[in-house]
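Student:
2 protein chains.
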Amino acid sequence: MIIALDAMSGDVGVDVTVPAARRALERHPSLELILVGQPSVLEAAMAKHGLQAHPRVRVEPASEIVGMDEEPAKALRGKKDSSMRVAINLVHAGTAQACVSAGNTGALMATARFVLKTLPGVDRPAIVSKLPSRNGHTHMLDLGANAECSPEHLYQFAVMGAVLARAVSNLQDPRVGLLNIGSEDIKGTQSIKSAAAMLSQSDLNYIGYVEGTDIFLGNVDVVVCDGFSGNVALKSMEGVSRLIADFLGEEYRRGLLSKLAALASYGVLQRFRKRVDPRAYNGASLLGLNGIVIKSHGSADAMSLENAIHIAVLECHARVTESIRDQVEAHLLPDVAANLDNPS
Amino acid sequence: MIIALDAMSGDVGVDVTVPAARRALERHPSLELILVGQPSVLEAAMAKHGLQAHPRVRVEPASEIVGMDEEPAKALRGKKDSSMRVAINLVHAGTAQACVSAGNTGALMATARFVLKTLPGVDRPAIVSKLPSRNGHTHMLDLGANAECSPEHLYQFAVMGAVLARAVSNLQDPRVGLLNIGSEDIKGTQSIKSAAAMLSQSDLNYIGYVEGTDIFLGNVDVVVCDGFSGNVALKSMEGVSRLIADFLGEEYRRGLLSKLAALASYGVLQRFRKRVDPRAYNGASLLGLNGIVIKSHGSADAMSLENAIHIAVLECHARVTESIRDQVEAHLLPDVAANLDNPS
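Line by line, the protein sequences are chains A and B. With the working numbering, you'll find the first sequence wraps up at 350, consecutive numbering, no jumps. With the working numbering, you'll find the second sequence wraps up at 350, consecutive numbering, no jumps.
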C-alpha cells in the first residue's frame, strides 16, 4: 500500500511530518510512503530524523507550500505545484492509494474536490472524524465542510458515515442518529425533519434523533449533522476539555500538599491523560471523493500525525472509496437515480 | 423583592423546591417567596423541611402540574391552573417581580410568551445561560428556543445578551461575538454574515466571529448564535464533561494504589469538583419577555435550584426587563422602528 504524505504542511512542517512518517513505517510493515515537498528540505529532515535511504520511502518534488491561512480558491488557482496539490495528484493518478495532509482544511477540501471529483450520487463531500465515547468512539459528520445542508445531503452523509463505521470500526450494522435539539417546542429544522423521513425509509440502522450529549454516551455510532452544528460541537468539545484539564492541573499545583498528591497520583493521571488524549483522535476523513484524503490537525505532533496516517491505512485496507461508491448507489434516492446519467 | 417559585415542577418536585426555597431565603434576607402549587402537598413538604410559618413565604394555590414531557401547546391550552402558569400569572399581575420553574422548557417558554408577551422590538425571546470560561464565565444565547434565526433575531439577541452581561456580571462594555465556524471556505451562513454587518454598525462592543473553543477561553463575554447551534454546543459541553469526569473517576478507582492516590488527592479533587460543578451554572433566563422568567434544570437538586433563584434575584435587582426594553429601543433597526406603532 502506498500513501502520499503532504510533508510541508501543518504548523511545524518537516520536523513533524518526517518523524511521523518514520513511526508509521515502523507500525505498518507493508506501508510505502511518498513524502511530497521540497527535496532539499525533505532530504535534510530525513537525514536528521534517521529516515535516509529507507527502502519504503521516496520523495516526490513539489516546489510550493499552501499557507495555513491562505484562501482556498487562491491556493487552488495559484499553487499548482504545492505539496498538497501534488499529494492529491498522486492519488488521482493511482500512484498512491491515499494522501494525508496537515494543511489548511479549506484548501485541502477545495483541491481534493477539484482534482478527485465527488463520487457518483454524492453532492457534497463531508468531513468525518471519530470522537471519544463511553465505550469506544462515535463517528460524526459533517464537521465543517458544508455549513448548510439539504435533507439529501444529510441522507448521503448518513450512508457514507455508515460505510466508514463499518469499515474502520468493524461494526456490522452501525447505529445512525440525526443530531437535533431537545426542546419539544421546536424539534429541529425542516431540513432535519425531511432527512429523518428519508432515513426512516432506508435500510440503514437509523435510530432517530440524538442530542449533543449522546455523541459521548456510546448509544450511537454515526452522528449526522450539517457542517455548522458539527463544527460547533467539535470545537465546544475541544474548548471545554482543555478548560477542565487546565482546572485540574491548576488545582494539583496549588500548594505543597497538592503537589504531593499529584506525585501520588502520577500513575492515575497518566492513564487518565492517555484516555482523553486528543492525539488519539487525530485524522479526519474527507468522504465522498474519488479517493482517500485524510486531514490531520495543523498543530499535530508526530504521534498525532501518525494516527492520521494510520486512519489512511485502515481506509485503504477497507477499500472505503469503493464501498461508498457501492453503498451510495444502493441507497440512491429515486429522483437522484433518475437524474443520474451514469450511476456506475 | 417577591419571587414566585413553581414548586411542583422538575423531576423531583417539592422535595427539591422547598429545601431550595429555604436556602434562598437564608441567602437573601430581603427576599419573599411565593410557592405555587397544591397547598396540601406544599404544606406537608414545608413542615418536613422546616419552612412552616416562615414570615417571608406564602403558598399560592394551583391545582395542576405540567408534565416534563407534555406538549407545550397542550399544557398552554389545557392546564390553566398549573403551578407553572399561575407562577407566570403572578409576574404578569405584578404580584411577583420574577418567577422560577424547573418545568419543561417548551411549555415554560410557550406559556411565558403567551402570558407576558415579548417586549416591543423583540421578535423572539431567547434562552441565555452562563457557561464556565478561563477567567469567569460567558453568556451564551440562544440555547434552544429558536432553531432557525434571521439576522434581525441574532442582532436582538446580541443587544439583550449585552444587557444581561452588564446587569448580572457587572461588565461595563461586554464583548459580543457571533458564533461561526473556522473553515475559511465557507465562513458562516448568509444569516450570520448579515447579522455581522448589522452588529459592526451598532455601538455594541462587537468583536467579530468566535468559534466553539472561544466560549471557554475568556476572550468573549456574550456569544450569540441560533438556538440549534447553541443547544448543540451546550449539550456537547455537558456530554464531554461528564465523560471526562467518568474517566477520571474510573482511573482513581482502578486498584488499591489508585484508591490511595484518590485519598491523598481528596482536597484537590474537592476544589476541582467545585470549579466544574454544573450546579453553579444552573438557571437560564428567558430573555425578551415582559417580565423575568428563570428556567432551572429539571434534574436540579436544592443547591442547584437555589442558584437559579439567585439569578432571578440578580435580575430583579438589575431591573433587567426595563434595561432590555430601553436598550432594544435604543438599538432599534431603522425598518423595525418604522413598523413599530408603540415603541414605549
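Just so you know, even glycine gets a beta-carbon here, dropped at the ideal spot from N, CA and C. Remember, predicted model here, so these are calculated numbers, not experimental data.
#1: What are the residues in the segment 219 to 240 of chain A lying within 8 angstroms of chain B by C-beta distance?
#2: Tell me the DSSP secondary structure of B/Asn110 in three-state form.
#3: In the segment 39 to 73 of chain B, which residue ranges form an unbroken alpha helix (DSSP H) of at least 4 residues, counting only runs that do not cross its ends?
#4: From A/Ile298 to B/Asp220, what distance separates their C-alpha atoms?
#5: Using a Cβ cut-off of 7 angstroms (strictly closer), state whether B/Met90 contacts chain A.
#6: Rank A/Arg248, A/Ser175, A/Lys280 and A/Gly245 by C-alpha distance to the C-alpha of B/Phe253 and give the top, closest one.
#7: Would you report the Cα separation of A/Lys337 and A/Ser208, rounded to the nearest angstrom?
#8: With 16 as the cutoff for other CB atoms within 10 Å, does B/Asn237 come out buried or exposed?
#9: A/Ile436 touches chain B at which residues, Cβ-Cβ below 7 angstroms?
#10: List the residues of chain B that A/Tyr215 touches, going by C-beta distances under 9 angstroms, in chain order.
#11: Residues of chain A with a CB under 7 angstroms from the CB of B/Tyr258: which are they?
#12: With 7 angstroms as the threshold, decide whether the Cβ of A/Arg277 is near any Cβ in chain B.
#13: Select from A/Glu70, A/Ser310 and A/Asp179 the residue whose C-alpha is nearest the C-alpha of A/Ser46.
#14: Of the residues A/Val226, A/Phe278, A/Ala171 and A/Asn211, which one's Cα is nearest the Cα of A/Ser329?
#15: Rounding to the nearest angstrom, what Cα-Cα distance links B/Ala30 and A/Leu311 in this structure?
#16: Less than 8 angstroms between the CB atoms is what I'm expecting for A/Met115 and A/Leu292, so what's the real figure, rounded?
#17: Closest by CA to A/Ile8, which one among A/Ala79, A/Val97, A/Ile133 and A/Cys231?
#18: Going by the CB atoms, is the gap between A/Leu147 and A/Val165 shorter than 7 angstroms?
#19: Using 8 angstroms as the threshold, is the segment 105 to 123 of chain B in touch with the segment 76 to 93 of chain B, meaning 3 or more CB pairs across them?
#20: Nearest to A/Gln44 by alpha carbon, out of A/Ile187, A/Pro25, A/Met14 and A/Arg285?
#21: Hey, quick one: how far does the beta strand (DSSP E) through B/Tyr212 stretch, first residue to last?
#22: Evaluate B/Asp227 with the Cβ neighbour count: other Cβ atoms within 10 Å of its Cβ, from every protein chain shown; 16 or more gives buried, anything less gives exposed.
#23: Using a beta-carbon distance below 7 angstroms, is B/Thr195 in contact with chain A?
#24: So which residues on chain C does B/Arg140 lean against when the C-beta distance must stay under 7 angstroms?
#25: By the 10 Å Cβ neighbour count, where 16 or more other Cβ atoms means buried, how is B/Val327 classified, buried or exposed?
#26: Contact criterion: CB-CB distance below 7 angstroms. Does A/Ala202 meet it with respect to chain B?
#27: Considering only C-alpha positions, which residue in the set A/Leu177, A/Pro157, A/His34 and A/Val282 is nearest to A/Gln196?
#28: Anyone know if the C-beta pair for A/Val6 and A/Gln333 falls short of 7 angstroms?
#29: CA-CA distance, B/Cys231 and B/Ala132?
#30: Please state the DSSP three-state secondary structure of B/Gly273.
#31: In angstroms, rounded to a whole number, what distance separates the CA positions of A/Asn186 and B/Leu266?
#32: Taking contact to mean 3 or more Cβ pairs, one atom from each stretch, closer than 8 angstroms, check whether the segment 198 to 207 of chain B and the segment 255 to 273 of chain B are in contact.
#33: In chain order, which beta strand (DSSP E) runs of at least 3 residues are fully inside the segment 91 to 171 of chain A?
#34: Output needed in chain order: residues of the segment 166 to 187 of chain B with a Cβ under 8 angstroms from some Cβ in chain A.
#35: If the cut-off is 7 angstroms on Cβ atoms, which residues from the segment 91 to 104 of chain B count as contacting chain A, listed in chain order?
#36: Here's a check: name, in chain order, each residue in its chain whose Cβ is nearer than 7 angstroms to the Cβ of A/Ala308, leaving out the five neighbours to either side.
Tutor: So, to answer that:
#1: Thr219, Asp220, Ile221, Phe222, Leu223, Cys231, Gly233, Phe234, Ser235, Asn237, Val238, Ala239 and Leu240
#2: Along the second sequence, read from residue 1 onward, the residue named residue 110 of chain B stands at position 104. Reduced to three states, the DSSP call for B/Asn110 is coil.
#3: 45 to 54
#4: Counting from 1 along the first sequence, the entry for residue 298 of chain A is found at position 292. Counting from 1 along the second sequence, the entry for residue 220 of chain B is found at position 214. Cα to Cα, the separation comes out at about 32 angstroms.
#5: On the second sequence, position 84 is the one that residue 90 of chain B refers to. So no, B/Met90 is outside the interface.
#6: What you label residue 253 of chain B is simply residue 247 of the second sequence in a count that begins at 1. Among A/Arg248, A/Ser175, A/Lys280 and A/Gly245, the Cα nearest to that of B/Phe253 is on A/Lys280.
#7: The residue given as residue 337 of chain A occupies position 331 in the first sequence. The residue given as residue 208 of chain A occupies position 202 in the first sequence. The displayed chain sequence assigns His, not Lys, to residue 337 of chain A. Computed Cα separation, rounded: 7 angstroms.
#8: As a working mapping, residue 237 of chain B is identified with position 231 in the second sequence. Flag for B/Asn237 reads buried.
#9: Limits of chain A in this structure are 7 at one end and 350 at the other, which puts residue 436 of chain A out of reach.
#10: Here the question's residue 215 of chain A lines up with position 209 in the first sequence. Within 9 angstroms Cβ-Cβ: nothing; A/Tyr215 doesn't reach chain B, min ~12 angstroms.
#11: Your numbering for residue 258 of chain B matches position 252 in the second sequence. Under a criterion of Cβ atoms nearer than 7 angstroms, the residues of chain A adjacent to B/Tyr258 are, in order, Val274.
#12: Translated into positions along the first sequence, residue 277 of chain A becomes position 271. It does: the Cβ of A/Arg277 has a partner Cβ on chain B nearer than 7 angstroms.
#13: Locating residue 46 of chain A in the first sequence gives position 40, counting from the first residue. Measuring from the Cα of A/Ser46, the nearest candidate turns out to be A/Glu70.
#14: Within the first sequence, residue 329 of chain A is the residue found at index 323, counting from 1. For A/Ser329, the nearest C-alpha among the options comes from A/Ala171.
#15: As a position in the second sequence, residue 30 of chain B is number 24, starting the count at 1. As a position in the first sequence, residue 311 of chain A is number 305, starting the count at 1. Distance between the alpha carbons of B/Ala30 and A/Leu311: 52 angstroms.
#16: Reading the first sequence from its first residue, position 109 is the one you call residue 115 of chain A. Reading the first sequence from its first residue, position 286 is the one you call residue 292 of chain A. Right, their Cβ atoms sit about 6 angstroms apart.
#17: Residue numbering aside, residue 8 of chain A sits at position 2 when the first sequence is read from its first letter. If we check each option's Cα against that of A/Ile8, A/Val97 comes out closest.
#18: As a working mapping, residue 165 of chain A is identified with position 159 in the first sequence. As a working mapping, residue 147 of chain A is identified with position 141 in the first sequence. No, the Cβ-Cβ distance between A/Val165 and A/Leu147 is not below 7 angstroms.
#19: Under the 8 angstroms Cβ criterion, the segment 105 to 123 of chain B counts as touching the segment 76 to 93 of chain B, having at least three qualifying pairs.
#20: On the first sequence, position 38 is the one that residue 44 of chain A refers to. Checking every option, the nearest Cα to that of A/Gln44 belongs to A/Met14.
#21: For the purposes of this step, residue 212 of chain B is taken as the residue at position 206 of the second sequence. Element bounds for B/Tyr212: Asn211 to Val216.
#22: Mapped onto the second sequence, residue 227 of chain B falls at position 221. With 16 or more Cβ atoms within 10 Å of its Cβ, B/Asp227 is classed as buried.
#23: Reading the second sequence from its first residue, position 189 is the one you call residue 195 of chain B. Yes, B/Thr195 lies at the interface with chain A (some Cβ there is under 7 angstroms from its Cβ).
#24: Of the protein chains in this structure, namely A and B, none is chain C.
#25: Here residue 327 of chain B refers to the residue found at position 321 when the second sequence is read from its first residue. In the sequence on display, residue 327 of chain B carries Thr and not Val. It counts as buried.
#26: Walking along the first sequence from the start, residue 202 of chain A turns up at place 196. No - not a single Cβ of chain B is within 7 angstroms of the one on A/Ala202.
#27: One-based indexing of the first sequence puts residue 196 of chain A at position 190. Of the listed residues, the one whose Cα sits closest to A/Gln196 is A/Pro157.
#28: Only positions 7 to 350 of chain A appear in the structure, and residue 6 of chain A is not among them; the question remains open.
#29: As a first step, residue 231 of chain B is located in the second sequence; it is residue number 225 there, counting from the start. As a first step, residue 132 of chain B is located in the second sequence; it is residue number 126 there, counting from the start. Cα to Cα, B/Cys231 sits roughly 10 angstroms from B/Ala132.
#30: By one-based count along the second sequence, residue 273 of chain B stands at place 267. Correct three-state label for B/Gly273: helix.
#31: The sequence position of residue 186 of chain A within the first sequence is 180, counting from 1. The sequence position of residue 266 of chain B within the second sequence is 260, counting from 1. In this structure, the alpha-carbon of A/Asn186 lies about 43 angstroms from that of B/Leu266.
#32: no
#33: Listed in chain order, they are 104 to 107, 132 to 139 and 142 to 147.
#34: Leu185 and Ile187
#35: none
#36: As a first step, residue 308 of chain A is located in the first sequence; it is residue number 302 there, counting from the start. If we look at A/Ala308 and ignore the five residues flanking it on each side, its Cβ neighbours are Val22, Pro25, Ala26 and Arg29.
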